[in-house]
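Residue numbers (the working numbering), protein chains in the order written: chain Z, 27 to 259; chain G, -4 to 290.
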């Protein structure tokens, strides 16, 4: 479904991503792991079209999306719940979802929103409150619901458990497990390595902008470089 | 008493024009971080639109609609031709680009139309006065206050109720995230410019109707005051821009009306001193913008 080949991304003179290749198959959950500054978020933002790619190719569903504007990548079926959640704090929960529904035909949008409110009852309770007033965990739910609303083929989630209370971390991973059970394809960036490996099928470990290790989670669980990434995070 | 009422009407009328212009500047600034120095020229285009329409025998109301229409077109074209290529550039780069656009247009008006003011004559029904008991109020002030309030109300409804309005508020907070939801950046920016053009066009129609003439530099002073209003209100804050516009208008009108004659030449200095005094107490402006800057 998603194929990244030899991706390079620079910020000015600094090369943040130096030749990363990875692929995500339909129905699979892939965890992108690594220490802070390893290039995980940059890789994700490059796939989403928000970071300019220096070289390499990104293919989504068989068509090249390298250099495509983020609007078109999202419309092609990539949902993004980015690092830091980035919900619109001054807008209500309803308005946050309204914007996410803007690219879906109106009747389908109503249906999708209804389904999501059943999955995230808390968002229904807080529907007309300003999103900035939600707790961290609730904001993460909103960020994921927003990414899911148009019915993406691929969901990219960046550090969903960061800064959350342990209980909320549990419900975030429960949610990811349920989404996986529903057949959602997910590319997950996560600093909580053991939890990420529980939910993922494949893992890709980045170090200094390069792939240090990749493979099925069963092979990764005991590996030295995973532990290194784990400790560094 | 009646002087006070009359001056209050004048203050609302002038403040309303500043508020319309300041709001247009604030909408664009909040989304693309552009301080559009060429906003005054959008207003001037609107004024010439009214002039040309009237000169070719268009009825007054239709001519005013033409003025607003060409201002919208001018604002949208300005974005497409000059500012789109500069999207994401630093605030200073954008500001200097807008200086260039402003100067180009001014020279174009001076050489292409005329450096002298072009008279605009409006029917008596608009330029006359209304008598309310002891108090005489100019019809134009009443029209201008009404139109200003209606425009502000309409824009508020659009920003609150429509998806494009919600998107514009979201863009002010985090433009990249909005794009990650698939909402097209170009559409949002174009709409923001169209809204600022609409507001400048309404201001231009009121301004030219009050002045009775159009000239190449007509947009400069009102937009300068509108800049001051946006800073006073809180740069990037929409309610702040509107409030700032009314405050600047009020300070200007009341200082002119009630200051001793000897101080009259220093009117603008008085206005600016008052603004500085307010900013010393509230450096973020009257209603600070609530945005998270991610760049």
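Backbone N, C-alpha and C fix where the C-beta goes; we use that ideal spot for every residue, glycine too. Note that the coordinates shown come from a computational prediction; the quantities given were computed from them, not determined experimentally.
From the DSSP output, read off the bridge partner residues of residue 209(G).
By 1-based counting over the second chain, the position of residue 209(G) is 214. Bridge pairing for residue 209(G): 113(G) [DSSP].
Cβ of residue 168(G) less than 8 Å from any chain Z Cβ?
Position 173 of the second chain holds residue 168(G). Residue 168(G) belongs to the set of residues whose beta carbon lies under 8 Å from a beta carbon in chain Z.
What residues from chain Z crowd round residue 178(G), counting only those whose CB sits closer than 8 Å?
As a working mapping, residue 178(G) is identified with position 183 in the second chain. What residue 178(G) touches in chain Z: 97, 125, 128, 129.
Ends of the beta strand (DSSP E) at residue 184(Z)?
One-based indexing of the first chain puts residue 184(Z) at position 158. First-last of the beta strand (DSSP E) with residue 184(Z): 180 to 184.
DSSP three-state label for residue 41(Z), please.
Locating residue 41(Z) in the first chain gives position 15, where the first residue counts as 1. Strand at residue 41(Z).
Quick check on the burial criterion: 16 or more other C-beta atoms within 10 angstroms. Buried or exposed for residue 124(G)?
Counting from 1 along the second chain, the entry for residue 124(G) is found at position 129. By the neighbour-count criterion, in which a residue is buried when 16 or more other Cβ atoms sit within 10 angstroms of its Cβ, residue 124(G) is exposed.
Name the two residues that bound the continuous beta strand (DSSP E) containing residue 160(Z).
Within the first chain, numbered from 1, the residue matching residue 160(Z) stands at position 134. Unbroken run through residue 160(Z): none, as it is neither H nor E.
C-alpha distance - residue 289(G) paired with residue 169(G), whole-angstrom precision:
Position 294 of the second chain, counted from the start, is the residue given in the question as residue 289(G). Position 174 of the second chain, counted from the start, is the residue given in the question as residue 169(G). With a pLDDT of only 43 at residue 289(G), under 50, the local geometry of the prediction cannot be trusted, and the value read off the model is given with reservation. Going from the Cα of residue 289(G) to the Cα of residue 169(G) covers about 7 Å.
Which full runs of the beta strand (DSSP E) of 3+ residues lie inside the segment 63 to 138 of chain Z, going along the chain?
Within the segment 63 to 138 of chain Z, the runs of beta strand (DSSP E) that reach at least 3 residues and sit entirely inside it are, in chain order, 81 to 86, 104 to 107.
Selection from 75(Z), 196(Z), 133(Z), 150(Z) that minimises the alpha carbon distance to residue 186(Z)
Sequence index remark: in the first chain, residue 186(Z) carries index 160 (1-based). Of the candidates 75(Z), 196(Z), 133(Z), 150(Z), 196(Z) places its Cα closest to the Cα of residue 186(Z).
What residues from chain G crowd round residue 164(Z), counting only those whose CB sits closer than 9 Å?
In the first chain, residue 164(Z) corresponds to position 138, counting from 1. Correct list: empty, because the minimum Cβ distance to chain G is about 17 Å.
Sequence-distant residues of its chain with Cβ nearer than 7 Å to residue 94(G) (five each side left out):
By 1-based counting over the second chain, the position of residue 94(G) is 99. Around residue 94(G): 32.
Kindly indicate which residue of 64(Z), 208(Z), 176(Z) has the alpha-carbon position closest to the one of residue 136(Z).
Here residue 136(Z) refers to the residue found at position 110 when the first chain is read from its first residue. The option with the nearest alpha carbon to residue 136(Z) is 176(Z).
Under 8 Å (Cβ pairs) to chain G, residues found in the segment 174 to 196 of chain Z
Those residues of the segment 174 to 196 of chain Z that come within reach of chain G (Cβ to Cβ, closer than 8 Å) are 176.
Residue 282(G) by DSSP, collapsed to three states: which one?
Position 287 of the second chain, counted from the first residue, corresponds to residue 282(G). Residue state for residue 282(G) is assigned as coil, using DSSP reduced to three classes.
Can you check whether the C-beta of residue 288(G) is within less than 8 Å of a C-beta belonging to chain Z?
Along the second chain, one-based indexing puts residue 288(G) at 293. Any reading at residue 288(G) needs caution, since the residue's pLDDT is 46, under 50, leaving its predicted position unreliable; the model's value is listed next. Judged by the 8 Å Cβ criterion, residue 288(G) is not in contact with chain Z.
Taking only three categories from DSSP, how would you classify residue 164(Z)?
In the first chain, counting from the first residue as 1, residue 164(Z) sits at position 138. Secondary structure of residue 164(Z) (DSSP, three-state): helix.
Bounding residues of the beta strand (DSSP E) (the contiguous stretch that carries residue 60(Z))
Here the question's residue 60(Z) lines up with position 34 in the first chain. Note, residue 60(Z): beta strand (DSSP E), 55 to 60.
So with Cβ pairs under 8 Å, would you call residue 132(Z) a contact of chain G?
Working through the first chain from its first residue, we reach residue 132(Z) at position 106. Closer than 8 Å to the CB of residue 132(Z) there is not a single CB belonging to chain G.
Buried versus exposed, by CB contacts within 10 Å (16 or more), residue 106(G)
Counting from 1 along the second chain, the entry for residue 106(G) is found at position 111. By the neighbour-count rule (16 or more Cβ atoms within 10 Å), residue 106(G) is not buried but exposed.
Could you spell out the range, first to last residue, of the alpha helix (DSSP H) harbouring residue 34(G)?
Counting from 1 along the second chain, the entry for residue 34(G) is found at position 39. For residue 34(G), the enclosing alpha helix (DSSP H) begins and ends at 34 to 50.
From the DSSP output, read off the bridge partner residues of residue 262(G).
Position 267 of the second chain, counting from 1, holds the residue named residue 262(G). According to DSSP, residue 262(G) bridges with nothing at all.
Would you kindly report the start and end of the unbroken alpha helix (DSSP H) that includes residue 139(G)?
Here residue 139(G) refers to the residue found at position 144 when the second chain is read from its first residue. If you look at residue 139(G), you'll find it in the alpha helix (DSSP H) that goes 134 to 156.
Can the beta-carbon of residue 278(G) be found closer than 8 Å to that of residue 208(G)?
Counted from its first residue, the second chain places residue 278(G) at position 283. Counted from its first residue, the second chain places residue 208(G) at position 213. Going by C-beta atoms, residue 278(G) is not nearer than 8 Å to residue 208(G).
In angstroms, rounded to a whole number, what distance separates the CA positions of residue 218(Z) and residue 86(Z)?
Translated into positions along the first chain, residue 218(Z) becomes position 192. Translated into positions along the first chain, residue 86(Z) becomes position 60. Using only the alpha carbons, I get a separation of about 27 Å.
Between which two residues does the alpha helix (DSSP H) containing residue 244(G) stretch?
Counting from one through the second chain, the residue named residue 244(G) turns up at place 249. It spans 233 to 253 - the alpha helix (DSSP H) in which residue 244(G) sits, taken as one unbroken run.
Using 10 angstroms around the beta-carbon of residue 84(Z), count the other beta-carbons present and answer buried if the total reaches 16, otherwise exposed.
On the first chain, position 58 is the one that residue 84(Z) refers to. Burial call: buried.
Taking contact to mean 3 or more Cβ pairs, one atom from each stretch, closer than 8 Å, check whether the segment 228 to 243 of chain Z and the segment 220 to 227 of chain G are in contact.
Too few Cβ pairs lie closer than 8 Å, so no.
Counterpart residues of residue 34(Z) in DSSP-defined beta bridges
To locate residue 34(Z), count along the first chain from 1; it is residue 8. DSSP lists 44(Z), 81(Z) as partners of residue 34(Z).
Using CA coordinates, which residue listed in 182(Z), 191(Z), 164(Z), 77(Z) is at the minimum distance from residue 226(Z)?
As a position in the first chain, residue 226(Z) is number 200, starting the count at 1. Here the closest residue by C-alpha is 182(Z).
Of all the alpha helix (DSSP H) runs that stay within the bounds of the segment 210 to 236 of chain Z, which reach a length of 4 or more residues?
Within the segment 210 to 236 of chain Z, the complete alpha helix (DSSP H) segments of 4 residues or longer fall at 219 to 225, listed in chain order.
Taking its Cβ as the centre, do 16 or more other Cβ atoms sit within 10 Å of residue 154(Z), making it buried, or is it exposed?
Taking the first chain and counting its residues from 1, one reaches residue 154(Z) at position 128. When all chains shown are included, residue 154(Z) counts as exposed.
Should residue 304(G) be flagged as near chain Z, meaning a C-beta pair shorter than 8 Å?
As displayed, chain G neither begins before -4 nor continues past 290, which places residue 304(G) out of reach and without an answer.
Determine the closest residue to residue 60(G) out of 172(G), 272(G), 200(G), with distance taken between C-alpha atoms.
In the second chain, the residue the question calls residue 60(G) occupies position 65. In terms of CA proximity to residue 60(G), 200(G) leads the group 172(G), 272(G), 200(G).
Three-state class that DSSP yields for residue 238(Z) in the structure shown:
Counting from 1 along the first chain, the entry for residue 238(Z) is found at position 212. Looking at residue 238(Z) - three-state DSSP - the assignment turns out to be strand.
Along the chain, where does the alpha helix (DSSP H) that runs through residue 63(G) open and close?
As a working mapping, residue 63(G) is identified with position 68 in the second chain. That run of the alpha helix (DSSP H) goes 55 to 73.
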